[in-house]
Every structure is written in C-alpha cells, then in structure tokens.
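Protein chains in written order, with the working numbering: chain A, 95 to 431; chain B, 95 to 431.
Beta carbons are placed, not taken as given, at the ideal position from N, Cα and C, and that holds for glycine.
Right, one structure below, let's go through it.
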C-alpha cells in the first residue's frame with residue numbers, strides 16, 4: 095500500500111492535475127470582496143428558473159459546463175461526476191447534472207462535500223479509473239433556508255454566530271493531462287461530535303472536526319503548519335476560526351499565521367449583514383475556484399491544505415434533540431511548476 | 095487506463111475480495127420468505143431507541159460491527175467507510191457510524207446507494223487506498239414513510255404499484271485478503287429520466303435506469319445475459335420488473351430467465367400486504383448479504399450482476415412538480431474458487 099500515509103491520508107504516487115474550474119454565484123456574493131473574481135455573477139438569484147431548487151440545479155449545470163469548456167473538453171470526455179449539495183435527497187445535483195449524461199456518484203457531506211468530491215475525484219483519476227473526472231457542488235441561500243431554517247417571508251432574526259448560506263456552485267475538472275496545479279494528497283475526515291446542539295452556531299460545531307483533520311494531516315505527512323502557504327477551512331466563520339486555532343494550539347500546532355476561512359473571505363460582514371460569515375457547499379467551492387486556484391496556478395501559493403467543513407444535521411435530527419456533529423475533508427493542492 | 099472497459103465500466107486488475115457481510119432487519123422482514131437467513135431480526139422495530147431515526151442508526155452500527163466481527167477485524171483495521179441512507183442529510187448514517195471513528199465518505203444515491211457504496215469501496219481497495227473498507231447502507235420503513243410520504247398514524251392507503259420500505263441494514267467488508275467472493279467489476283449509472291411523476295410507482299421510475307446500466311454492462315464486458323447466473327435489481331418490484339424486461343428486449347437482450355429483484359424476494363406480497371414489493375437502501379443490501387452472497391460463496395452462483403436501483407426525488411422536488419428520475423449502479427460479483 096505505497097500510497098497510504100499515516101492513519102488517514104493518501105499521498106498520490108501519480109498526482110492528478112486540477113485542469114480547470116468554474117465558479118457561478120448569486121448577487122450578494124457578487125457584491126462581496128471576491129465579487130470581481132467569479133466567472134459568472136447572476137443578475138438575479140433565480141437564474142431564470144421558477145423555484146430556488148431549480149435555480150440551484152442551474153448553477154451546477156452551468157458551472158460544470160463552464161469548467162469543461164475551460165479544459166477544452168466535451169461531456170463525453172468525462173468518465174465520472176462526483177457531486178452533491180445540501181438539500182434533502184441531493185435534488186439540486188440530480189436535476190442539475192442529469193443532462194450531462196455522465197455516470198454520477200452522489201455525495202453527501204454537508205458543507206464538506208466540496209472536499210469529499212475533490213478527494214474521490216482525485217482518487218479515481220490517480221487510480222486510472224478515468225482520464226477526466228468532474229467534481230461539482232453547490233448551495234443556494236434560499237433553498238437552504240427553506241430546507242434547514244424558516245421561510246424567507248418569515249424574516250426570522252439571526253444570531254451573530256449564524257452564517258449566511260452562499261448562493262453558488264463550483265466545478266472542477268481533474269485529469270491526467272499536464273497542468274499547473276495538482277492534488278497531491280488527501281486526508282479524509284471522521285465524524286466528530288463535541289455535543290454542540292445550536293444549529294445557529296455551526297462554526298463551533300464544525301471546528302473540532304476541522305481540528306481533527308488538520309492535526310491528522312500534519313501528523314500523517316510529517317509537516318508543520320508553515321509547510322503550507324495557507325490552511326484553508328470551508329465555512330467556520332469568525333466564531334469557528336477562533337475555536338479551531340485554540341484547539342490546534344492545545345495539540346501543539348499554531349496555525350494562526352497561515353489560516354484562512356472561505357466563509358470569512360467571501361463576504362464583508364460589516365456591510366453585508368452576514369454575521370459570522372458564509373457557509374454552504376458552494377462557499378468553499380467558489381472561493382477555491384475564483385480566489386485560491388489562481389494563486390496556485392501563478393505559484394504565489396506553492397502548497398495549500400483545503401479543508402471544507404460540514405455540519406451534519408437535518409431538521410429531523412435537530413428537532414429530535416440530537417447534537418450537530420461535524421466532518422472535514424482535507425485536500426492538499428500544489429503548484430505544479 | 096487498462097482497468098476501464100467500454101463506456102462506463104471498470105474491470106479490476108486486482109479484484110478486491112468481499113470478506114464478510116452482515117444483515118439486520120425488522121420484524122416484517124423476519125416474517126418474510128428470507129426471514130431465517132438474516133443474521134439478526136429485531137424483536138421490535140425501534141431496536142431499543144426512542145425514535146425511528148435512532149433505530150435506523152442502530153441498525154447501521156450493529157450491521158457494521160457484526161460484519162467486522164465476521165471478518166475478524168477491529169474497527170482500527172478499516173481505512174474508510176462508504177455509507178448512506180434515504181433520509182435528508184444522511185442522518186441515519188451520521189449518527190449510526192460516528193462511534194466507529196473511521197474516515198467516512200457519505201453517499202446519496204437513493205435506493206441505489208448499496209451499489210454505489212460497494213462500487214466505491216471496491217475502487218478504493220483495488221487502487222491500494224486501504225486494506226479493508228466498509229460499505230454500509232440502511233433504510234427503515236417508519237423513518238422513510240415520515241420522510242417521503244405521510245405520518246404512519248394517518249394510515250394512508252397505498253396503491254398496488256407502491257413498494258414497502260425495508261427496515262434493515264447491510265454491511266460489507268471489502269479487502270485484499272483472500273476470500274471466496276470477489277467484486278470483479280462495476281458499471282456506474284447515469285441519471286435517467288423518463289418523465290414519470292408518480293412517486294407511488296417507483297418501479298416504473300427506476301426501470302429505465304436499470305435497463306440503461308444493465309445494457310451498458312453487457313456491452314462494456316461483451317457478455318450475454320446468460321453469462322450471469324443472476325441479474326439482480328434492487329427494488330423494482332413487480333411493476334418495474336415487467337417494464338425492465340420489456341425495455342431490454344427492445345434493445346436486443348432477454349434477461350427474463352436470469353432476472354431476480356430483491357424487492358420481490360424479500361416479502362410474500364400475497365400475505366404481507368406489501369403490494370409491488372420491498373424497497374429502500376436496506377432492501378438490496380440485506381438480500382445480497384443474507385441470500386445472494388452465500389450462494390456465491392458456495393459456488394451455486396459463479397457470477398452475478400447486482401444492480402441496486404434508486405428513485406431520485408424528495409418531497410420538495412415532488413411538490414414542485416418535478417419528475418422522478420432513476421439511477422442504477424451495477425456491481426459484478428463472482429465466486430472466487
């Protein structure tokens with residue numbers, strides 16, 4: 095088993111290339127600090143559809159098509175899609191990716207799904223199971239609020255620890271063809287439960303899982319935090335970021351100098367009323383595509399650890415008094431020189 | 095790419111072994127034709143828990159532990175779990191498998207998830223990503239009715255085309271250690287939509303997807319139906335079975351002599367009031383574990399094509415007038431001599 099390293103990681107013998115990516119977002123994301131970097135900013139968050147769920151499906155379809163076009167590939171060139179979203183029974187993915195007519199592995203890892211899909215796509219390409227594979231994830235503010243919280247019309251107040259679900263989809267083409275960025279390794283997360291029961295404080299619920307995966311990655315690869323230009327979590331937000339840094343300090347690692355959180359980067363919380371930050375499968379995916387990958391392509395970053403974080407709950411589990419466990423999947427992405 | 099065959103399949107160069115499996119079911123499944131074959135039949139469908147969802151989680155936890163025990167493995171020996179269920183945000187899986195403390199890839203493929211989890215587990219082992227990997231899926235009649243249909247107390251009438259969700263979980267250990275059964279190939283399904291809108295006729299919704307995957311499997315591997323001792327769909331039931339056989343005849347293949355459907359096998363619909371048959375992620379998983387694998391171990395079956403079938407809908411997609419597309423994932427399982 096030459097490729098497995100340590101307890102939970104893989105270092106790919108033949109690291110797959112991240113050939114292209116695309117990001118499509120809603121109006122609020124377009125008005126945020128990264129607004130000019132996204133490939134497409136929708137003129138209205140329904141994206142020409144009748145329902146929020148169809149709008150989210152359209153995001154996935156368009157992001158996937160755009161990523162394929164950038165890699166100069168047709169859909170027939172893609173062997174598998176690894177895709178997922180936050181909605182019950184993954185309906186945004188089903189209806190979004192159906193027309194592509196590509197074999198589909200449906201995934202659910204809450205907001206960690208961007209990491210899960212990149213991990214499995216990299217595993218598939220590195221094993222020779224396909225020359226080109228797509229990883230696609232999405233979230234939509236309005237479909238997620240309807241799924242997890244309250245009808246928008248109810249105008250429920252949101253605590254300061256709450257995050258704002260990103261409207262967006264990120265799609266990534268991984269393949270064997272030479273490019274300037276590679277996925278060199280992964281660290282797959284376990285479900286970690288600290289007993290948090292507040293679904294409006296998902297940063298606190300997910301920080302222990304992020305800590306667990308980052309700690310394990312550093313151990314498995316024998317690296318220090320400064321061996322990464324950035325250690326990038328998905329959507330811990332400001333509350334979760336503080337907890338993560340503290341938890342890792344207790345385990346002997348100080349990541350404060352290299353930590354970045356996509357949920358903090360994507361909005362200006364002072365002016366955009368997004369409280370602790372952004373969240374959702376789309377948050378880390380579009381930030382990776384629009385903001386982080388260009389720096390890896392140019393070599394500004396040589397190596398990053400990308401760690402999307404997920405809060406594992408449903409309205410049923412929440413209403414039945416269950417805790418909100420977390421999960422985080424780590425993906426090592428490097429400039430390929 | 096020596097392992098990929100045809101348009102959608104993999105033939106494993108080093109086929110992983112299916113080392114052990116376990117099946118745990120509810121009382122109704124225990125009273126059915128396969129009742130004596132299951133490892134555990136619960137005395138009551140709450141399995142000692144307070145809620146149906148916790149009961150389903152317990153099914154997964156116990157099935158996974160039992161499968162590990164049969165393979166003489168500890169949880170520390172398992173590199174990954176590929177797991178999923180039917181509930182929104184996969185909560186049965188999250189809370190069921192959390193205590194195992196094993197890196198988790200959460201999956202959603204509706205009732206096809208047993209095929210999806212076996213496919214990805216086999217891909218991981220064959221690629222050298224882990225010596226032992228678990229594939230676990232479940233469904234529970236009461237948690238599924240609550241999720242997709244009506245409260246049980248409402249005692250809604252069910253049309254003859256409806257299926258009965260199986261209460262059960264099947265767990266499978268795949269690994270590199272020599273055993274008597276191997277997963278030799280897979281054919282991964284696409285989302286197939288014939289525009290069926292009746293969620294009480296899921297057999298009709300899933301049959302085109304089963305047809306697509308079986309046809310592709312026969313094409314990719316250059317096989318005829320009789321090259322399999324059985325071609326086994328997950329939960330088409332009696333309505334879906336007829337449609338599948340007709341659709342494949344139109345494409346030049348007659349599978350009527352070798353077709354089996356887990357949903358038809360698991361209940362006696364005459365006496366058990368289950369209408370078209372059983373369904374759910376658990377249906378194909380427990381039937382594979384209790385009924386099909388023993389025949390493969392003994393060599394009664396030399397080679398089967400196992401094709402769990404999923405209907406991709408949620409209450410939201412249904413209420414918004416969407417169709418019910420299907421997906422089916424094929425797994426080739428062989429006696430290893």
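Under 8 Å, with one C-beta from each stretch per pair, do the segment 371 to 386 of chain A and the segment 195 to 213 of chain A reach the 3-pair mark? yes
Along chain A, which residues have their Cβ under 7 Å away from the Cβ of residue 322 of chain B? Those within 7 Å of residue 322 of chain B in chain A number zero; the least Cβ separation is about 20 Å.
On the premise that residue 299 of chain B lies in contact with residue 418 of chain B, defined as a C-beta separation below 8 Å, what is that separation, rounded to the nearest angstrom? 4 Å
Taking only beta-carbon positions, decide if residue 344 of chain A is within less than 8 Å of chain B. no
Can you give, in chain order, each stretch of the alpha helix (DSSP H) that sits fully within the segment 105 to 159 of chain A and has at least 4 residues? 121 to 124
Give me the Cα-Cα distance between residue 323 of chain A and residue 395 of chain A, rounded to the nearest whole angstrom. 6 Å
Give me the Cα-Cα distance between residue 246 of chain A and residue 253 of chain A, rounded to the nearest whole angstrom. 16 Å
Am I right that residue 303 of chain A and residue 283 of chain A are in contact with their C-beta atoms under 8 Å? What's the rounded C-beta distance? 6 Å
For residue 334 of chain A, I'd like the list of residues in its chain whose CB is within less than 7 Å of its CB, leaving aside the five on either flank, ordered along the chain. 297, 298, 300 and 301
On the DSSP bridge assignment, give the partners of residue 324 of chain B in chain order. B:398
Nearest-angstrom Cα distance between residue 95 of chain B and residue 220 of chain B? For residue 95 of chain B, the predicted structure reports a pLDDT of 43, less than 50, and the residue's modelled location is therefore unreliable. A value from the coordinates is still provided. So the alpha carbons of these two residues sit roughly 14 Å apart.
Taking Cβ positions, are residue 331 of chain B and residue 374 of chain B nearer each other than 8 Å? no
What ranges does the alpha helix (DSSP H) occupy inside the segment 179 to 247 of chain A, keeping only unbroken runs of at least 4 residues that lie completely in it? 185 to 191, 207 to 220 and 235 to 242
So, is the C-beta of residue 436 of chain A closer than 8 Å to a C-beta in chain B? With chain A covering only 95 through 431, there is no way to say anything about residue 436 of chain A.
Name, going along the chain, the residues of the segment 381 to 410 of chain B whose beta-carbon falls closer than 9 Å to a beta-carbon of chain A. 404, 406, 407, 408, 409 and 410
Give the interface partners of residue 145 of chain A over in chain B, defined as CB-CB distance under 7 Å, in chain order. 414
Where in the segment 350 to 379 of chain B do unbroken runs of the beta strand (DSSP E), each at least 3 residues long, occur, reported from the N-terminal end onward? 353 to 355
Run of the alpha helix (DSSP H) containing residue 391 of chain A, from where it starts to where it stops: 387 to 392
Grouping DSSP H, G and I as helix and E and B as strand, with all else coil, what is residue 165 of chain A? coil
What are the boundary residues of the alpha helix (DSSP H) that residue 338 of chain B is part of? 331 to 344
Is the beta carbon of residue 268 of chain A sitting closer than 8 Å to the one on residue 204 of chain A? no
Cutting at 7 Å between CB atoms, please list the residues of its own chain near residue 350 of chain A, excluding the five before and the five after it. 339
Residue closest to residue 366 of chain B, alpha-carbon to alpha-carbon, out of B:108, B:239 and B:129: B:129
Which same chain residues end up closer than 6 Å to residue 412 of chain B when comparing Cβ atoms and leaving out the 5 residues on each side of it in sequence? 293
For residue 218 of chain A, which residues from the same chain have a beta carbon less than 7 Å from its beta carbon, with the 5 sequence-adjacent residues on both sides left out? 174, 224 and 227
Looking at C-alpha atoms only, which residue of A:110, A:280 and A:276 is the closest neighbour of residue 314 of chain A? A:280
Would residue 245 of chain A count as contacting chain B if we go by Cβ distances under 8 Å? no
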